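Below is one structure, written out as structure tokens; comments come after it.
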Amino acid sequence: MPIDVQALRDDLLDLKLKSVLILGSSEVMRTKQVKGPLALAHLAVLTPSDEEKAWLEAVIKTGVENADTEHFKRLVDHAAEHGSQLAVILDPTLMKLASISQLKTAVLDATKYLKD
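So in my numbering, spot 12 of the sequence shown is number 131, and the numbers just go up one at a time.
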């Protein structure tokens with residue numbers, strides 16, 4: 120699904136952040152579709168390890184019902200320990216998981232930037 124990356128970038132710049140964690144589909148996290156424009160705007164962009172990307176992709180495919188909220192929380196907390204100020208979530212399933220995971224890190228529901 121296409122993403123309005125310019126609007127996302129502008130909103131993140133308005134928040135005066137230095138570093139964000141991007142969470143979404145494998146494609147979103149692996150390609151420069153989102154990371155490139157954010158990096159050009161001098162935002163540090165963190166993404167999970169390949170193992171964590173595979174875990175997130177499985178959650179997206181199977182739903183949050185059986186997802187390990189503690190695992191998700193550790194993933195987001197780990198990024199925060201490495202400088203992430205905000206988790207930018209670009210998938211509705213992962214956003215649902217974030218909402219039930221009691222995260223300490225601030226979260227941006229970036230699904231509003233998804234274009235139909």
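The beta-carbon is built from N, C-alpha and C at its ideal position, and this holds for glycine as well. The structure displayed is predicted, hence computed values, not measured ones.
(request) Let me know the secondary structure DSSP gives residue 235 once reduced to three states. (result) Position 116 of the sequence shown holds residue 235. Residue 235: coil per DSSP, three-state reduction.
(message) For a minimum of 4 consecutive residues, which ranges assigned as the alpha helix (DSSP H) are wholly contained in the region 146-234?
(response) 151-159, 169-181, 188-200 and 211-219
(message) Nearest by alpha-carbon distance to residue 198: which of 222, 189 and 167 is it?
(response) To locate residue 198, count along the sequence shown from 1; it is residue 79. Ranked by Cα distance from residue 198, the first of 222, 189 and 167 is 167.
(request) Reducing DSSP to helix, strand and coil, say where residue 136 ends up. (result) In the sequence shown, the residue the question calls residue 136 occupies position 17. Reduced to three states, the DSSP call for residue 136 is coil.
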